[in-house]
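Okay, so the sequence shown: first residue is 34 according to this note's numbering, each after it adds one.
Each residue gets a CB set at the ideal place from its N, CA and C atoms; glycine is no exception.
In this text the structure is predicted, and so the values were computed from the model without any measurement.
Scroll down for the structure; my scribbles are underneath it.
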Amino acid sequence: MVAKLETTEKMPSSGEVKKIVIFLHGYGADGADLISLSDPLSGQIPNCFFSAPNAPRKCGASPFGFEWFPIPEVDGSSVPVMMKALAESEKLVNSLIEDYLQKFSLRFEDVVLVGFSQGTMISLNIGLRHSNILAGIVGFSGKVLMPDILKSEKKAEYPPVLLVHGDADEVVPISFLHEADNILKDLEVNFSTHVSQNVGHGIAPDGLEKAVVFMKKVLL
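Next comes the structure, spelled out in structure tokens:
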């Protein structure tokens, strides 16, 4: 396991950091794949610092890119290996958050996690289980991992959540959005969803617009 995540970062034009958005990329991608999402956000959320780390593992199913955890049905790994990698990645992301909070003298409620696909899965797993409440979680094209554990560890308070999914997603089917809807209702999470019509496994302009509105609401 790497000791620290490699990141692509973007400082606010003012140089003063009051809020943090961390982008967690999908399987086989890297941090640079999502940092461009900061462009429509930086002008609307002043003094926001953006970070897009690379996952700690080289992707097992691709010569390029990284993974937060292996996927047994894709790369032939085992479930125990997947779970161990997931726990290691969560530890590294949590350490990254804590490092930023210390560096910029901020609080957990100043941080939003934004994930895509596998990045959504780990964002939800971290944000919904963390003892401290983040400002919010945005998840594109993902799913909720280990719902039974989440339910057994139900908390009194959760960060607000926005889930966005394309109805033509061929990689992570939209059925996972409906499943997440039921899970988050059971947990009594304050959440909303948005379905992008005729969109596959990607982020459409309407979904990004919803995310911008959500982040402005929870950060400003």
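For this session: Between the Cα of Ala36 and those of Ala88, Gly160, Ser69 and Gly109, spot the shortest distance and give me the residue it belongs to.
Result: For the purposes of this step, residue 36 is taken as residue 3 along the sequence shown, with counting starting at 1. For the residues Ala88, Gly160, Ser69 and Gly109, the minimum Cα distance to Ala36 belongs to Ala88.
For this session: Would you mind sorting Ile182 into buried or exposed? The rule is 16 or more other CB atoms within 10 Å of its CB.
Result: Position 149 of the sequence shown holds residue 182. So Ile182 counts as exposed.
Problem set entry | Beta-carbon proximity check, Phe56 vs Ala94, cutoff 7 Å | Taking the first residue of the sequence shown as 1, we reach residue 56 at position 23. Taking the first residue of the sequence shown as 1, we reach residue 94 at position 61. 7 Å or more divides the Cβ of Phe56 from the Cβ of Ala94.
Exercise. Which whole-angstrom value describes the C-beta separation of Ala168 and Pro192, a residue pair presumed to lie in contact below a C-beta threshold of 8 Å?
Worked result: The residue given as residue 168 occupies position 135 in the sequence shown. The residue given as residue 192 occupies position 159 in the sequence shown. With a Cβ gap of about 7 Å, Ala168 and Pro192 count as contacting.
For this session: Could you say if the stretch 231-245 and the stretch 194-214 meet the contact criterion of at least three C-beta pairs nearer than 8 Å?
Result: The way I'd put it, the stretch 231-245 does touch the stretch 194-214; three or more beta-carbon pairs between them come closer than 8 Å.
For this session: List the endpoints of the continuous beta strand (DSSP E) containing Ala85.
Result: Within the sequence shown, the letter at position 52 stands for residue 85. Per DSSP, Ala85 belongs to the beta strand (DSSP E) from Cys81 to Pro86.
Problem set entry | Environment of Lys187 [buried if 16+ CB atoms lie within 10 Å] | Walking along the sequence shown from the start, residue 187 turns up at place 154. Its Cβ having fewer than 16 others within 10 Å, Lys187 is exposed.
For this session: Go through its chain and collect everything with a Cβ distance to Asn230's Cβ below 7 Å, but skip five positions before and after it.
Result: For the purposes of this step, residue 230 is taken as residue 197 along the sequence shown, with counting starting at 1. The sequence shown places Gln at residue 230, not Asn. The residues are Asp200.
Exercise. Based on the DSSP secondary-structure assignment, which residues constitute the bridge partners of Ile55?
Worked result: Taking the sequence shown and counting its residues from 1, the one referred to as residue 55 is at position 22. According to DSSP, Ile55 bridges with Ser84 and Leu146.
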